[in-house]
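Worksheet: one structure, shown below.
In this note's numbering, the protein residues as written are 3 to 334.
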């Protein structure tokens, strides 16, 4: 919208039940402030269409009512530890292989701020907003719908790789139950409980920018207008912050699209301190207890140093008698 359109929209927004003082304050804002408010309330704006938290969760979330098959890649040696211990170790988000994990959307955002001509202090404030976001204690459990991936076997298999089949709906149910510590409602969650987000990673940079850029533009307008209208701008800045937090969970470097990743994000409620279930070699983990029904199938990497017979013994020794074992169909 141009300035005249923005003024007309705001005048239509400021109905008779709004006090004259508020009307005068809003209409006296500079272009940044007016634009921020107009974009926030205009359902046709690019910001409104890309910053609806609920819609974005559905847009990038997984439908866990479907009993889709999902696969986790690891080694036979790791599988043995999982079976013997009775739990998976889910790694803290800032210890993943990708150095931009939970930071990729922020990087895109900073790049766009520079394109918009934002100053150093404005970019520094954007960084502070990202760093001050809640849920520092987060964990990622990675899956894919590809049960026979040459790339994933090579990256995670190390010559002894396996892809482990699960049921999406069952994993979500069990993980959410364990993270809630038996609580039935999110309203009852407290310290030590954790939220569970099933998400599909988005690698397409064009789509990523379509969501990040309008939010960053809105953030910059609201930040610049904050001193003149702290009440409205604080609400807008908070909304932008929530979206950037969500985008950082979902968006990853396009160069990693071969991973075809689906992920469960575990966000523990705490006091900004990490409360892992265990720490191994300095790496924090949360635990997910498994039962004999969760594992459906194990597929062995081609030329695996372990045989199907050897893996069968391993599974049977730990009570996983119904798990199917197959060899990969990949030629190498």
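All C-beta atoms in this analysis are idealised placements derived from N, C-alpha and C, irrespective of residue type, glycine included.
| Item | Value |
| --- | --- |
| Pick from 154, 3 and 185 that is closest to residue 259, judged by C-alpha positions | 154 |
| Residue burial classification, residue 66 (beta-carbon count within 10 angstroms, cutoff 16) | buried |
| 9 Å Cβ cutoff met for residue 203 and residue 111 | no |
| Selection from 232, 286 and 331 that minimises the alpha carbon distance to residue 305 | 331 |
| Three or more C-beta pairs below 8 Å linking the stretch 132–150 and the stretch 257–275 | yes |
| Counted within 10 angstroms of its Cβ, other Cβ atoms place residue 198 as buried (16 or more) or exposed | buried |
| Given 8 Å, three or more beta-carbon pairs between the stretch 233–242 and the stretch 173–191 | no |
| Cβ neighbour criterion (16 or more within 10 Å) applied to residue 224 | buried |
| Classification of residue 45 by the beta-carbon crowding that lies within 10 angstroms, buried from 16 upward | exposed |
| For residue 26, the nearest candidate out of 37, 318, 12 and 38 (CA to CA) | 12 |
| Cβ-Cβ separation, residue 38 to residue 227 (assumed contact under 8 Å), whole Å | 6 Å |
| Closest Cα partner of residue 113 within the set 297, 211, 93 and 95 | 211 |
| Exposure of residue 239, with buried meaning 16 or more beta-carbon neighbours within 10 Å | buried |
| Whether residue 220 touches residue 49 by CB criterion (9 Å) | yes |
| DSSP-derived helix/strand/coil call for residue 305 | coil |
| Residue 298 versus 254, 91, 164 and 195, residue with shortest Cα-Cα distance | 164 |
| contact_flag[the stretch 302–321, the stretch 90–100] where n(CB pairs < 8 Å) is 3 or more | no |
| DSSP three-state assignment for residue 23, whether helix, strand or coil | helix |
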